[in-house]
Amino acid sequence: MRPNPAKPSVEIEGEVVLMSIDDGLYFGLNAVGSEVWRRLGDGVTVAALCTGLAEHYDGDPARIEADTLALLDKLAARALVEFRA
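In this text, residue positions in the sequence shown follow this note's numbering: the first is 535, and each later residue adds one.
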């Protein structure tokens, strides 16, 4: 999974703003969402992403996975991320 290169993003004061030019919408990510976005930058599996976030935030892995999957679903619904084979 990785950010859709056709959808611009910018980081402002540590938080990421994503733009969906086709829809005329923008989406702001909080600090944790921005960390997810940065980790997606190099392309990563969802499993590796969740494992890395659980280690980084020293939180409950099941909760982190559920929250991460919910965010990724929202991003995918707007084609802000793309899946790689």
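Don't be surprised by glycine CBs; every beta carbon is placed ideally from N, CA and C.
request  = Check each candidate in CYS584, LEU587 and MET553 and name the one with the smallest Cα separation from ALA540.
outcome  = Position 6 of the sequence shown, counted from the first residue, corresponds to residue 540. Among CYS584, LEU587 and MET553, the Cα nearest to that of ALA540 is on MET553.
inquiry  = Helix, strand or coil for PRO537? Go by DSSP, reduced to three states.
reply    = Position 3 of the sequence shown, counted from the start, is the residue given in the question as residue 537. Residue state, collapsed to three classes: strand.
task = Mind checking who GLU616 pairs with in its DSSP beta bridge?
result = In the sequence shown, the residue the question calls residue 616 occupies position 82. BP columns for GLU616 point to ARG536.
query = By the 10 Å Cβ neighbour count, where 16 or more other Cβ atoms means buried, how is VAL544 classified, buried or exposed?
reply = On the sequence shown, residue 544 is found 10 positions in, with the first residue counted as 1. Exposed, by the Cβ-count rule.
request  = Classify LEU559 as buried or exposed, calling it buried when 16 or more other Cβ atoms lie within 10 Å of its own Cβ.
outcome  = Position 25 of the sequence shown, counted from the first residue, corresponds to residue 559. Label assigned to LEU559: exposed.
ask   = Any idea if PRO542 is buried or exposed, counting beta-carbon neighbours within 10 angstroms, 16 or more meaning buried?
value = By 1-based counting over the sequence shown, the position of residue 542 is 8. By the neighbour-count rule (16 or more Cβ atoms within 10 Å), PRO542 is not buried but exposed.
query = In three-state DSSP terms, what is ILE546?
reply = As a first step, residue 546 must be located in the sequence shown, where it is residue number 12. Strand.
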